[in-house]
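First residue of the sequence shown: 1348, per our numbering; consecutive thereafter. C-beta: ideal position from N, C-alpha, C; glycine also. Comments concern the structure below.
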Amino acid sequence: MAKRNALGRGLGALINDADLVNDPSSSITYVELDKIEANPYQPRTEFNDDTLLELATSIQELGLVQPITLRKSHGGKFQIIAGERRFRASQVAGLESIPCWIREIGDEQMLEMALVENIQRENLSSIEVALSYQRLIDECNLTQEALSDKVGKKRTTVANYLRLLKLPAIIQKGLQKRELSMGHARAIINIDDEDFQVELYHQILEEGLSVRKVEEIVRNYNQGEEEQAVLPEKRQENKKAPFPEEFSSLEKHLRSYFNTSVDFRMNEKGKGKIVIPFTDPKELERIISILDQSKN
């Protein structure tokens, strides 16, 4: 038996050339471009003009080598299932008609095929991939495990993409514009404070921080070393911020009360924290004992 020319592990589970040839519900024909409509389930929101022009030039010279896949719509029209980039490039190339596979499928299967085709073939941004994964889960009733099998990715990879959707909208937009990498975002998402997430995002843009540097900042922040979790310029600004005298007195009182160094922090908005460090378990027990006594 001849080996099938699969188009990718996940997509191959839904569509490949051999299946189309053997599927009585599909056929290949030339369709006029003005009868083809964009895919309403298209996950890609942006198409790179330069790469489209390159593909259009290739199509002008060689023709459209790989047919796009359509389904019948209303009024003699067809909707794109897979191949919208090739369709757009064919328009730029000035073609009047192109070869197409015609399939009879429902909305849910069309959504699956469109999402999986784009995930595997196109250079989607990490947010576009995450949104595609979430749509497959929500609209096709898939579990993360079933989704990972369908798209040919490890479950942890799928989970990491989905976590990006928990980031503030401004950071998600930055990912879509490729202003920062998924590595940056995966580090930022480990911070619970949304305000600090956004602050760190702006620092990445302003200073061009590497992923390793961002991971270091996040690690310091989560270990309670917030003064180390900002850039030197920010730390200098923080030192210049006015600190009311009454709070300075309170800081001295706390140091005396606990007989240890106490870090009293407050920003210009009045938000802050009191940090009581300890060097070993015994000192921690001593501090807890003092706190317990204060309740009496």
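Quick one: Cα of N1537 to Cα of S1557, how far?
-> Numbered from its first residue, the sequence shown carries residue 1537 at position 190. Numbered from its first residue, the sequence shown carries residue 1557 at position 210. In a straight line, the C-alpha of N1537 is about 16 Å away from that of S1557.
**Request:** Provide the residue span of the beta strand (DSSP E) that contains S1444, from first to last.
**Result:** As a first step, residue 1444 is located in the sequence shown; it is residue number 97 there, counting from the start. Taken as a continuous stretch (DSSP letters only), the beta strand (DSSP E) holding S1444 covers S1444 to R1450.
* Thinking C-alpha only, which one of K1497, F1625, F1543 and R1502 is nearest I1517? -> Here residue 1517 refers to the residue found at position 170 of the sequence shown. Nearest C-alpha to I1517 among K1497, F1625, F1543 and R1502: F1543.
- Query: Contact between the stretch 1416-1428 and the stretch 1372-1387: three or more CB pairs below 8 Å?
  - Reply: yes
Worksheet entry | Sub-9 Å separation of I1406 and A1440 beta-carbons | Residue mapping note: residue 1406 aligns to position 59 of the sequence shown, counting from 1. Residue mapping note: residue 1440 aligns to position 93 of the sequence shown, counting from 1. Cβ distance < 9 Å, so I1406 and A1440 count as in contact.
ask   = Name the DSSP bridge partner or partners of I1427?
value = The sequence position of residue 1427 within the sequence shown is 80, counting from 1. The partner list for I1427 (beta bridge, DSSP) reads L1417.
Q.
Could you check whether the stretch 1515-1534 touches the stretch 1557-1568, counting it as contact only if at least three pairs of C-beta atoms, one from each stretch, sit closer than 8 Å?
A. Counting Cβ pairs under 8 Å, three or more are found: they touch.
What number of angstroms, rounded off, separates the C-alpha of I1637 from the C-alpha of D1539? Within the sequence shown, numbered from 1, the residue matching residue 1637 stands at position 290. Within the sequence shown, numbered from 1, the residue matching residue 1539 stands at position 192. Each residue's Cα considered, the two are about 29 Å apart.
Helix, strand or coil for I1383? Go by DSSP, reduced to three states.
Your numbering for residue 1383 matches position 36 in the sequence shown. Strand at I1383.
| Nearest to E1541 by CA position, among Y1568, L1597 and D1485, is which residue? | If you number the sequence shown from 1, residue 1541 lands on position 194. Considering only alpha carbons, the answer is Y1568.
Review point. By how many angstroms is the C-alpha of A1403 removed from the C-alpha of S1437?
Key: In the sequence shown, residue 1437 corresponds to position 90, counting from 1. In the sequence shown, residue 1403 corresponds to position 56, counting from 1. Using only the alpha carbons, I get a separation of about 6 Å.
Check: Is E1486 closer than 9 Å to L1458 when the C-beta atoms are compared?
Finding: Here residue 1458 refers to the residue found at position 111 when the sequence shown is read from its first residue. Here residue 1486 refers to the residue found at position 139 when the sequence shown is read from its first residue. Yes. Within cutoff.
| message | Do I1474 and Q1315 have their beta-carbon atoms positioned less than 9 Å apart in this structure? | response | Summary: the structure shown does not reach residue 1315, with the chain confined to residues 1348 through 1643, and so no result is reported for it.
Per DSSP, what kind of secondary structure is I1623 in: helix, strand or coil? Mapped onto the sequence shown, residue 1623 falls at position 276. Reduced to three states, the DSSP call for I1623 is coil.
- Query: Tell me the DSSP bridge mates of T1376?
  - Reply: One-based indexing of the sequence shown puts residue 1376 at position 29. C1447.
According to DSSP, simplified to helix, strand and coil, what is Q1640? Position 293 of the sequence shown, counting from 1, holds the residue named residue 1640. DSSP places Q1640 in helix when its eight states are reduced to three.
Residue range of the unbroken alpha helix (DSSP H) whose run includes K1497
One-based indexing of the sequence shown puts residue 1497 at position 150. Its alpha helix (DSSP H) spans residues Q1491 to V1498.
Could you pull the DSSP bridge partners for D1539 from this structure?
Here residue 1539 is taken as the residue at index 192 of the sequence shown, counted from 1. For D1539, which the question treats as bridged, DSSP gives no partner whatsoever.
Selected residue, minimal CA-CA separation from R1482, among N1470, V1609 and V1505: As a working note, residue 1482 is residue 135 in the sequence shown. Minimum Cα distance to R1482 is reached at V1505.
field: CA-to-CA distance, E1546 to G1521, given in whole angstroms
entry: Taking the sequence shown and counting its residues from 1, one reaches residue 1521 at position 174. Taking the sequence shown and counting its residues from 1, one reaches residue 1546 at position 199. Taking the straight line from one Cα to the other gives about 13 Å.
Buried or exposed by the 16-neighbour rule on C-beta atoms within 10 Å, applied to S1479: As a working mapping, residue 1479 is identified with position 132 in the sequence shown. By the Cβ neighbour-count rule, S1479 is buried, with 16 or more other Cβ atoms within 10 Å of its own.
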